[in-house]
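>
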Amino acid sequence: MNQTGPARFVEHVDFSNVEPVSKTIWPGSRYDYVSPGLKRPDLTAAFPDLVARDPAPLQWPYLRKDAPHIWRSDSRSWRNPDIGVLSVDEAVVLYNNAAPMRGARGLEIGCHYGWSTAHLIAAGLDLDVIDPGLGYPDQARDVADSLARVGGPGQAKLWAGFSPSIVPAVRSTRASPWSFAFIDGYHEGRAPRDDAEAVIGLMAEDASVMFHDLISPHVAAGLAHFRASGWNVGLYNTMQIMGIAWRGAARPANHLADSNMPPIAAEHLRGFAMLSRAG
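Under the working numbering, the first residue of the sequence shown carries the number 5, and numbering increases by one thereafter.
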């Protein structure tokens, strides 16, 4: 593992004036969903610390509490206990988009405790992983331990540092460009767009770049940067809405949305193509 110094906290963000995206809460029992036709690598055994949570009391305004899928956090995350992970549906979408790039070089910005990372390794990527939390020895050890339990054809090199500043240095460690990237780092302000601007010029000609939490307009600005730069872009109607940009020979995976998933109605997402077929 490579480290660039200890991680630090980001500033507190005041969401008191932000209107929550969900006006209602899913009334039934929550469940996991996998789109028909997609392969699921079941990696739950490698992550026994994932805990199903009730999203109702959580304060982040961009959480789709009216979506029916299980929302989980990692109980090892004692510094930031309310950071969630990809739903099973989202993890499967990520895996199936990365799998065609098996053997190629990939990038992940924001690994938390490695749940999404594990799916990229299972997909066979030769992965660079950037997260400031890897500067904490306990978190770096926990991530490495989880990934060691996953196995799979891919591999990961962990980099403790902040994006976008560390991105060019990580890219320069090897000659090959990235063919796949997953941007799921700091979500507020210009951060997602800054990550997009740092990554876009370092990708291969045949490449895909995915985002998580497009329900946030800040994250959507990152995907919009790829659209403005001539890439194809689209959305998946998952719990937190995933987005993908692609070019060249790359193609997005097909996805059948859960019939109980609420429609995407956010104003800032108008104009993006919908990749999920209605369930």
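Idealized CB from N, CA, C, for every residue including glycine. Model, not experiment: these values are computed from the prediction.
Taking the beta carbon of S167 as the centre, do at least 16 other beta carbons fall within 10 Å, making it buried, or is it exposed?
S167 comes out buried.
> Cβ atoms of A108 and L129: under 8 angstroms apart, would you say?
In this structure, A108 lies closer than 8 angstroms to L129 by Cβ.
> Going by beta-carbon coordinates alone, are L62 and D86 separated by less than 8 angstroms?
Taking 8 angstroms as the Cβ cut-off, L62 and D86 qualify as a contacting pair.
> Can you give me the Cβ contacts of T242 inside the same chain, cut-off strictly under 7 angstroms, excluding the 5 residues immediately before and after it?
Here the set comprises S91, D93, E94, V97.
> Quick check on A265: does DSSP put it in helix, strand or coil?
A quick correction: the sequence has Met, not Ala, at residue 265. Reduced to three states, the DSSP call for M265 is coil.
> By DSSP's criteria, D198 is part of a beta bridge. Which residues make up the other side?
Paired residue(s): none; D198 is not in a bridge.
> Could you check where the beta strand (DSSP E) with Y240 kicks off and where it finishes?
Its beta strand (DSSP E) spans residues 236-240.
> For the beta strand (DSSP E) containing I113, list its first residue and its last residue.
Here the beta strand (DSSP E) through I113 covers 109-113.
> Pick from W64, P181, V213, E192: whose alpha carbon is nearest that of L284?
What the structure shows of the chain is the stretch from 5 to 283, and residue 284 is not part of that stretch, so it cannot be assessed.
> What does a CB cutoff of less than 6 angstroms around W75 pick up in its chain, not counting 5 residues either side in sequence?
Contacts found: R57, P59, G88.
> Within this structure, are the beta carbons of E112 and F186 separated by less than 8 angstroms?
Result yes, Cβ atoms of E112 and F186 sit closer than 8 angstroms.
> Looking at the strands, I want to know which residues DSSP matches up with I187.
BP columns for I187 point to I113, F215.
> Would you call the CB atoms of L218 and L279 closer than 8 angstroms?
Their beta carbons are not under 8 angstroms apart, which means L218 does not touch L279 by this criterion.
> Starting from D78 and walking both ways along the beta strand (DSSP E), at which residues does that stretch end?
That run of the beta strand (DSSP E) goes 75-78.
> Going by DSSP, what residue range makes up the alpha helix (DSSP H) through G226?
Element bounds for G226: 221-232.
> Where does M243 fall in DSSP's three states?
Correct three-state label for M243: coil.
> Specify whether the stretch 193-207 and the stretch 161-176 touch according to this definition: at least 3 beta carbon pairs, one from each stretch, less than 8 angstroms apart.
Enough Cβ pairs lie closer than 8 angstroms, so yes.
> Determine the contact status of Q244 and H222, defining contact as a CB-CB distance below 8 angstroms.
Cβ atoms of Q244 and H222: not closer than 8 angstroms.
> Spatial neighbours of P65 within its chain, please: C-beta separation below 8 angstroms, excluding the five flanking residues on both sides.
F19, V22, E23, P24, V25, listed in sequence order.
> Alpha carbon to alpha carbon, how far is S233 from G226?
Computed Cα separation, rounded: 11 angstroms.
> How long is the line joining the alpha carbons of G275 and P196, rounded to whole angstroms?
In a straight line, the C-alpha of G275 is about 19 angstroms away from that of P196.
> On the premise that P72 lies in contact with Y35, defined as a C-beta separation below 8 angstroms, what is that separation, rounded to the nearest angstrom?
Contact holds; Cβ gap of about 7 angstroms.
> Quick check: what's the CA-CA separation for R82 versus R145?
Here residue 82 turns out to be Trp, not Arg, going by the sequence shown. W82 and R145: Cα-Cα distance of roughly 14 angstroms.
> Based on DSSP bridge pairs, tell me the residues matched to W182.
Answer is M207.
> So who's on the other strand from S280, going by DSSP bridges?
S280 pairs with H259.
> Excluding five sequence neighbours on each side, which residues of the same chain lie with their C-beta closer than 7 angstroms to the C-beta of P45?
Hits under 7 angstroms: Y99, H123, A126.
> Relative to the C-alpha of W30, which candidate in H272, N264, S150 has its C-alpha closest?
Comparing Cα-Cα distances from W30 to each of H272, N264, S150, the minimum goes to N264.
> Distance check for N258 and V4, CA to CA, integer angstroms please.
No answer is possible for residue 4: it lies beyond the span of the chain, which begins at 5 and ends at 283.
> Check for me: the beta strand (DSSP E) holding V133 runs from which residue to which?
Unbroken beta strand (DSSP E) run through V133: 130-134.
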